[in-house]
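Numbering that gives the first Met the number 0 puts the first residue of the first sequence at 0, with every later residue one more than the last.
Structure record follows, encoded as structure tokens.
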Amino acid sequence: MSEAQKLISWYNQQSYDFPWRQNINPYNIWISEIMLQQTQVKTVIPYYMNWMKHYPDIETLQKADINELLYLWQGLGYYSRAKNIHNAANIIFKKFNNKFPDNYKELITLPGIGDYTASMILSICFNKYDHVPIDGNIKRIMSRLNILSLKQETLQNYKISTRNYIDKEKPGDSIQALMDIGREICTPRLPKCDCCPIYKNCKAQMQGTMENYPVRKKKKHIPHYDIAVGLIWKENKFLISKRPQDKLLGNLWELPGGKLEPRESMQECLKREIKEELDIKIKKIKKIGLIKHQYSHMKLTITLFTCIYCSGTAKPLASQEVKWITMKEKKSFAFPRATHKLFELL
DNA sequence: CATTCGTGGTT
DNA sequence: TAACCAAGAAT
Numbered sequence: 000m001s002e003a004q005k006l007i008s009w010y011n012q013q014s015y016d017f018p019w020r021q022n023i024n025p026y027n028i029w030i031s032e033i034m035l036q037q038t039q040v041k042t043v044i045p046y047y048m049n050w051m052k053h054y055p056d057i058e059t060l061q062k063a064d065i066n067e068l069l070y071l072w073q074g075l076g077y078y079s080r081a082k083n084i085h086n087a088a089n090i091i092f093k094k095f096n097n098k099f100p101d102n103y104k105e106l107i108t109l110p111g112i113g114d115y116t117a118s119m120i121l122s123i124c125f126n127k128y129d130h131v132p133i134d135g136n137i138k139r140i141m142s143r144l145n146i147l148s149l150k151q152e153t154l155q156n157y158k159i160s161t162r163n164y165i166d167k168e169k170p171g172d173s174i175q176a177l178m179d180i181g182r183e184i185c186t187p188r189l190p191k192c193d194c195c196p197i198y199k200n201c202k203a204q205m206q207g208t209m210e211n212y213p214v215r216k217k218k219k220h221i222p223h224y225d226i227a228v229g230l231i232w233k234e235n236k237f238l239i240s241k242r243p244q245d246k247l248l249g250n251l252w253e254l255p256g257g258k259l260e261p262r263e264s265m266q267e268c269l270k271r272e273i274k275e276e277l278d279i280k281i282k283k284i285k286k287i288g289l290i291k292h293q294y295s296h297m298k299l300t301i302t303l304f305t306c307i308y309c310s311g312t313a314k315p316l317a318s319q320e321v322k323w324i325t326m327k328e329k330k331s332f333a334f335p336r337a338t339h340k341l342f343e344l345l
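Take a look at the structure:
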């Protein structure tokens, strides 16, 4: 029995029944694959269920409002994924006449779909053999099987080694089997080699050096910033502003404020930022509390103040949208996690 | 090719 | 508990 056949036979004995595997079609797999990018299965499941309830197909999705999509995406992270899905749905519906592309050339042109996702859709939905999806799980498995050095860890190398484990009749099942092994068995730490159907081929397992692969790159220093933000009240409403589309947390709403500059107090910072961004003046600044929040590439300490609107137009100089809303109305806007943490201080 | 994109789980 | 990591893509 070939290695690929061993995998298939192992896969058939397993029972990982995720919602996107219950009715396999390009739309379902596409949405699940986008959500699963750099995101754990456990986290994705409730978002996926909710998404399918609201947008069961491409036609429903393409005519949806991006703000609604973002609202459902709240808390998932990497928010440009929602924007990309929306744009891609429009392209599929209009340019491809609502027929999901079944070839690499067209798939790869869609926003948010890269080599991995295109190959995954082709393998699972269309049972195509000629494109091998390489993700973090498969990299880890192949790196351990072949004890690859940092220099050998190239996409092409991964694809070549992975081919040996793909059954020509059932490419989709082969890939899913590898993903399941990577997630459940060949884990980054404490891999469960006893349960692995292909452990006999694994050079790292022979040496007992599994955790050394894949080779870790040196970590980058993560900067830390202090931020001051304000709940600016006018009557019973406060001000929120929409973040620019193509930057961090694009299209999400937040409380106005900004980064502390050298030799500046937090209160001075808040006044300056609000003057710069919105051209308004405030009074009665009072500290509420602070939260810490970590992104992939920076750490923030955000101090929350309340204050009273004094004068000015509240016209955003940076040309992003602003709104005065009541506390009740805030639950119909999409905010990033950090802003939700700030609201919890109240 | 290195950075920039979030958030929550895990050790 | 700080560090690492998760079904990557875009720039």
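Just so you know, even glycine gets a beta-carbon here, dropped at the ideal spot from N, CA and C.
Here the structure is a predicted model, which is why all the values come from computation and not from measurement.
Check your understanding: If we ignore side chains and look at the alpha-carbon of each, how far apart do residue 292 and residue 117 end up?
Key -> As a working mapping, residue 292 is identified with position 293 in the first sequence. As a working mapping, residue 117 is identified with position 118 in the first sequence. Residue 292 and residue 117: Cα-Cα distance of roughly 33 Å.
Review point. In the DSSP assignment, what are the bridge partners of residue 73?
Key: In the first sequence, counting from the first residue as 1, residue 73 sits at position 74. Answer by DSSP bridge pairing: none, since residue 73 is not bridged.
Review point. Can you give the Cα-Cα distance for residue 42 and residue 35, rounded to whole angstroms?
Key: Here residue 42 refers to the residue found at position 43 when the first sequence is read from its first residue. Here residue 35 refers to the residue found at position 36 when the first sequence is read from its first residue. Each residue's alpha carbon lies about 9 Å from the other.
Practice item. Between the Cα of residue 11 and those of 74, 234, 180, 97, spot the shortest distance and give me the residue it belongs to. Key: Indexing the first sequence from 1 puts residue 11 at position 12. That would be 180, whose Cα lies nearest to the Cα of residue 11.
Exercise for review: Compare the C-alpha of residue 168 against each of 8, 337, 332 and name the closest.
Suggested key: Along the first sequence, one-based indexing puts residue 168 at 169. Out of 8, 337, 332, 8 has the C-alpha closest to the C-alpha of residue 168.
Check your understanding: Rounded to a whole number of angstroms, what is the C-alpha to C-alpha distance between residue 235 and residue 326?
Key -> Along the first sequence, one-based indexing puts residue 235 at 236. Along the first sequence, one-based indexing puts residue 326 at 327. C-alpha separation (whole angstroms): 8 Å.
Review point. Taking three-plus beta-carbon pairs below 8 Å as touching, is the region 290 to 304 in contact with the region 227 to 234?
Key: yes
Check your understanding: Could you give the distance in angstroms between the alpha-carbon of residue 259 and the alpha-carbon of residue 64?
Key -> Locating residue 259 in the first sequence gives position 260, counting from the first residue. Locating residue 64 in the first sequence gives position 65, counting from the first residue. Each residue's Cα considered, the two are about 35 Å apart.
Point to revise | Identity of the residues DSSP links to residue 293 by a beta bridge | key: Numbered from 1 along the first sequence, position 294 holds the residue referred to as residue 293. Partner(s): 298.
Practice item. Any chance you could list the beta strand (DSSP E) runs of at least 3 consecutive residues sitting entirely within the region 204 to 249, in chain order? Key: 223 to 233, 236 to 241
Exercise for review: Measure how close the beta-carbons of residue 54 and residue 75 come, nearest whole angstrom, since I'm counting them as under 8 Å.
Suggested key: Indexing the first sequence from 1 puts residue 54 at position 55. Indexing the first sequence from 1 puts residue 75 at position 76. No, residue 54 and residue 75 are not in contact; Cβ-Cβ is about 15 Å, not under 8 Å.
Practice item. Below 8 Å CB to CB, which residues in the same chain sit around residue 48 once its five sequence neighbours on both sides are set aside? Key: Along the first sequence, read from residue 1 onward, the residue named residue 48 stands at position 49. Excluding positions up to five away in sequence, the list reads 18.
Check your understanding: Taking the alpha carbon of residue 342 as the point to measure from, which residue in 253, 284, 273 has its own alpha carbon closest?
Key -> Looking up residue 342 in the first sequence gives position 343. It is 253.
**Study point:** Cβ-based burial, residue 145 [other Cβ within 10 Å; buried from 16]
**Key:** As a position in the first sequence, residue 145 is number 146, starting the count at 1. It counts as buried.
Exercise for review: Taking only the alpha-carbon atoms, compute the straight-line gap between residue 177 and residue 128 and give it to the nearest angstrom.
Suggested key: Here residue 177 corresponds to residue number 178 of the first sequence, with the count starting at 1. Here residue 128 corresponds to residue number 129 of the first sequence, with the count starting at 1. Rounded to whole angstroms, residue 177 to residue 128 spans 15 Å at the Cα level.
Check your understanding: Would residue 130 be called buried (16 or more neighbouring beta carbons within 10 Å of its own) or exposed?
Key -> Against the first sequence, residue 130 aligns to sequence position 131. Residue 130 should be labelled buried.
Exercise for review: Give the range of the beta strand (DSSP E) segment to which residue 258 is assigned.
Suggested key: Taking the first residue of the first sequence as 1, we reach residue 258 at position 259. Taken as a continuous stretch (DSSP letters only), the beta strand (DSSP E) holding residue 258 covers 256 to 258.
Exercise for review: If I'm right that residue 77 touches residue 37 with Cβ under 8 Å, what's the distance once you round it to whole angstroms?
Suggested key: To locate residue 77, count along the first sequence from 1; it is residue 78. To locate residue 37, count along the first sequence from 1; it is residue 38. With a Cβ gap of about 7 Å, residue 77 and residue 37 count as contacting.
Exercise for review: May I have the straight-line CA-CA distance separating residue 344 from residue 270, to the nearest angstrom?
Suggested key: Numbered from its first residue, the first sequence carries residue 344 at position 345. Numbered from its first residue, the first sequence carries residue 270 at position 271. The alpha-carbon atoms of residue 344 and residue 270 are separated by roughly 21 Å.
**Study point:** Distance, residue 333 Cα to residue 249 Cα
**Key:** Numbered from its first residue, the first sequence carries residue 249 at position 250. Numbered from its first residue, the first sequence carries residue 333 at position 334. Rounded to whole angstroms, residue 249 to residue 333 spans 11 Å at the Cα level.
Check your understanding: What's the gap between the Cα of residue 324 and the Cα of residue 166?
Key -> Counting from 1 along the first sequence, the entry for residue 324 is found at position 325. Counting from 1 along the first sequence, the entry for residue 166 is found at position 167. Roughly 57 Å between the two C-alpha positions.
Review point. Nearest CA to the CA of residue 142: which residue from 255, 152, 134?
Key: Mapped onto the first sequence, residue 142 falls at position 143. Closest by alpha carbon: 152.
Review point. Are the region 201 to 209 and the region 278 to 291 touching, with three or more C-beta to C-beta distances below 8 Å?
Key: no
Exercise for review: Give every residue of the same chain whose Cβ lies closer than 7 Å to the Cβ of residue 185, excluding the five residues on either side of it in the sequence, and list them in chain order.
Suggested key: Along the first sequence, read from residue 1 onward, the residue named residue 185 stands at position 186. So the list reads 139, 140, 143, 195, once near-sequence residues are dropped.
Check your understanding: When DSSP labels each residue in this structure, what does residue 280 get in the three-state scheme?
Key -> Here residue 280 corresponds to residue number 281 of the first sequence, with the count starting at 1. In the structure shown, residue 280 sits in a strand (DSSP, three-state: E or B).
Check your understanding: Which residues bound the beta strand (DSSP E) around residue 7?
Key -> In the first sequence, residue 7 corresponds to position 8, counting from 1. Run containing residue 7: none in the beta strand (DSSP E); it sits in the alpha helix (DSSP H), 2 to 12.
Exercise for review: Would you mind stating whether residue 91 and residue 97 have Cβ atoms separated by less than 8 Å?
Suggested key: Stepping through the first sequence from its first residue, residue 91 is reached at position 92. Stepping through the first sequence from its first residue, residue 97 is reached at position 98. In contact: residue 91 and residue 97 (Cβ atoms closer than 8 Å).
Practice item. Express the C-alpha separation of residue 0 and residue 81 in angstroms, rounding to a whole number. Key: Taking the first sequence and counting its residues from 1, one reaches residue 81 at position 82. Taking the first sequence and counting its residues from 1, one reaches residue 0 at position 1. One C-alpha to the other measures close to 43 Å.
Review point. How is residue 321 classed by DSSP in three states: helix, strand or coil?
Key: Taking the first residue of the first sequence as position 1, residue 321 is located at position 322. Note: residue 321 maps to strand in three-state DSSP.
Review point. Where does the unbroken alpha helix (DSSP H) through residue 125 begin, and where does it stop?
Key: In the first sequence, counting from the first residue as 1, residue 125 sits at position 126. Residues 114 to 125.
Exercise for review: Would you give the residue range spanned by the alpha helix (DSSP H) that residue 105 belongs to?
Suggested key: Within the first sequence, the letter at position 106 stands for residue 105. Note, residue 105: alpha helix (DSSP H), 103 to 106.
Point to revise | Span of the alpha helix (DSSP H), counted from its first residue to its last, around residue 312 | key: For the purposes of this step, residue 312 is taken as the residue at position 313 of the first sequence. Per DSSP, residue 312 belongs to no alpha helix (DSSP H) and is neither H nor E.
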